[in-house]
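Below you'll find the structure, written out as structure tokens, and then a few comments.
In this note's numbering, the protein residues as written are 278 to 883.
Quick look at the structure:
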């Protein structure tokens, strides 16, 4: 995360440089769209004077003034509010960047950052940038001898996302919007004045035809392949039927854009023509790569429904995304990542299960006997500062209504007894919504709304209740931390990567053991491969993965030596099923479970 990157840059690396007997330099590496592009900003300054419906003139002027005082030209340095739309119109886009051929190389923020990166001893970036660089054949970052990956438990998931292939509306939305604009205005094709009016109209018609063909393919996957299901595997034959619909017209469009680029005198327009044609060309290569896959390919073809982000009645009801994903990302890491480095160090608090690293080694493609493992004890005093509550009498999740009723009955006294904040971690939005609505109904808790003023709450006031989805994760966390007594219902994004030290978070409630959804196509493919080699997928894949996620959730609570708190596991399977012991053994104090009275007494003593 960017938070961890800045912690390294501002605290930990300066500390090391001060105390180590060697001097070294370091640099922060960020993705392209974090940087302002002066060339694009100058272009929208001119365009905003005649197209106020497309460009926000006031924001463009503010950005021009900020450019002169910006240190690194980073979005995070903005000292005023700027809409995402204006930033995207002015930021660096890889496909639209001339690189070394740009006449502004001397002042370009991104080029300046790259020059610094080339000479630094230590580079700090995130997982996505690493894989973007790998996919682009190390175009962005210099070759390094050593690679240290923090939060390595998530590496295979990020590798699947970044190294896989996606076809969807969102994947090419910016290309279509850039080429055709809105009603032919504020777009590239409409501004190619070196072409005749007829040539521009012909090119615009071609763009809109290809966009329609591509959208028809996505709609076909949504209506004809998904057929009401959230996710399905797709056969090679089905993929060919869908993708072949747009390949030929898109290939013709790429040729037309290249031809137009050769006729254009404006460097700005030529760069954009070349950029959009390269992006569409990449889409074509990916489609042809899928069409050429053998039946025994280690890649999975699948599609899923993409629901609208808002509940607006004017928003499209849903669409689809089609993917090609490596079934075993570890094999891709083994082939394409590790060979580039002399040494790779993989670090995380949750790489082992009961001291055994075999699951992580398999997932991350570390061959048996090739890597060394090290498990270090925690510096925190869990025996004194942590209590675990795990009742064995609750209804199982399969009995949904009774399960929800039992959870609400358990959460209410626990939350009331807490002096600080409470996380209620859910495994689905269905459970999250049911618990939130039920809890509000039976308690005097106050639901948070964006219009509320953030303030600290006393013990005498009603508990403030927040729900993931009511605002950005950053905003919800800000309110939670500053309210003293708040309860937050969160799903996947709050199980990991969230840091709330001190009294602001005193209790974590795990509503359900975090097993993966069994009908997930990628999981189904991994289970099938495991069975084919004679393995036990439940013990070898599903339990280790769930334990890893479980430990990530636990890790939200004790973040410092002075922190105290309670973990409540409200899934009776942890006590009543044989595999539940694996979860209990993974606790910081293995197997230590306390009764409700002990928990309430511990909270009272806090």
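Where a beta carbon is used, it is the ideal one built from N, C-alpha and C, also for glycine. Just so you know, these numbers come straight off a predicted model, no measurement behind them.
Spatial distance of residue i from residue j (CA atoms)
i           : j           : result
residue 858 : residue 666 : 14 Å
residue 428 : residue 866 : 22 Å
residue 737 : residue 278 : 37 Å
residue 523 : residue 546 : 25 Å
residue 410 : residue 846 : 41 Å
residue 535 : residue 344 : 32 Å
residue 673 : residue 516 : 39 Å
residue 418 : residue 784 : 42 Å
residue 569 : residue 709 : 42 Å
residue 400 : residue 392 : 12 Å
residue 796 : residue 446 : 24 Å
residue 749 : residue 770 : 11 Å
residue 688 : residue 753 : 20 Å
residue 389 : residue 376 : 11 Å
residue 596 : residue 774 : 29 Å
residue 483 : residue 518 : 22 Å
residue 354 : residue 347 : 7 Å
residue 651 : residue 835 : 22 Å
residue 504 : residue 724 : 37 Å
residue 642 : residue 802 : 17 Å
residue 299 : residue 630 : 37 Å
residue 603 : residue 644 : 18 Å
residue 699 : residue 733 : 15 Å
residue 242 : residue 416 : The structure shown does not extend to residue 242, since the chain is modelled only from 278 to 883, so the question has no answer here.
residue 373 : residue 365 : 12 Å
residue 830 : residue 762 : 20 Å
residue 632 : residue 726 : 44 Å
Beta-bridge partners of residue i, as assigned by DSSP
i           : result
residue 599 : 444, 580
residue 723 : 741
residue 483 : Answer by DSSP bridge pairing: none, since residue 483 is not bridged.
residue 633 : 630
residue 664 : 843
residue 423 : 620
residue 700 : 765, 785
residue 303 : 399
residue 368 : 313
residue 351 : 312
Neighbourhood of residue i by C-beta distance below 7 Å, restricted to the same chain and skipping five residues each side
i           : result
residue 507 : 581, 582
residue 334 : 325
residue 557 : 452, 527, 530, 531
residue 817 : 807
residue 868 : 861, 862
residue 502 : 509, 511, 515, 580
Own chain residues within Cβ distance below 8 Å of residue i, not counting five before or after
i           : result
residue 823 : 790, 791, 792, 793, 860
residue 838 : 656, 657, 658
residue 884 : In the structure displayed, the chain extends from 278 to 883; residue 884 sits before or after that span and is not available.
residue 420 : 617
residue 572 : 513
residue 472 : 480, 537, 540, 541
residue 295 : none
residue 731 : 755, 756, 759, 760
Limits of the unbroken alpha helix (DSSP H) element including residue i
i           : result
residue 547 : 544 to 568
residue 506 : Residue 506 -> no alpha helix (DSSP H), and no H or E assigned at all.
residue 800 : 798 to 809
residue 278 : From DSSP, residue 278 is part of no alpha helix (DSSP H); its letter is neither H nor E.
residue 339 : 334 to 346
residue 765 : Looking at the DSSP string, residue 765 is not in any alpha helix (DSSP H); the run it does join, the beta strand (DSSP E), is 763 to 767.
residue 756 : 750 to 759
residue 319 : 315 to 325
residue 680 : 677 to 694
residue 867 : Segment: none, residue 867 is in no alpha helix (DSSP H) and carries neither H nor E.
residue 606 : 606 to 613
residue 820 : 820 to 831
residue 876 : 873 to 882
residue 532 : 513 to 540
residue 408 : 404 to 412
residue 291 : 290 to 296
Boundaries of the beta strand (DSSP E) in which residue i is found, first to last residue
i           : result
residue 784 : 784 to 787
Nonlocal neighbours in the same chain, by C-beta distance under 6 Å from residue i, ignoring five residues either side
i           : result
residue 612 : none
residue 308 : 406
residue 591 : Any reading at residue 591 must be qualified, since the residue scores a pLDDT of 42, below 50, and its modelled position is unreliable; no value is offered.
residue 870 : 665, 667
residue 825 : 430, 627
residue 424 : 618, 621
residue 739 : 721, 722, 723
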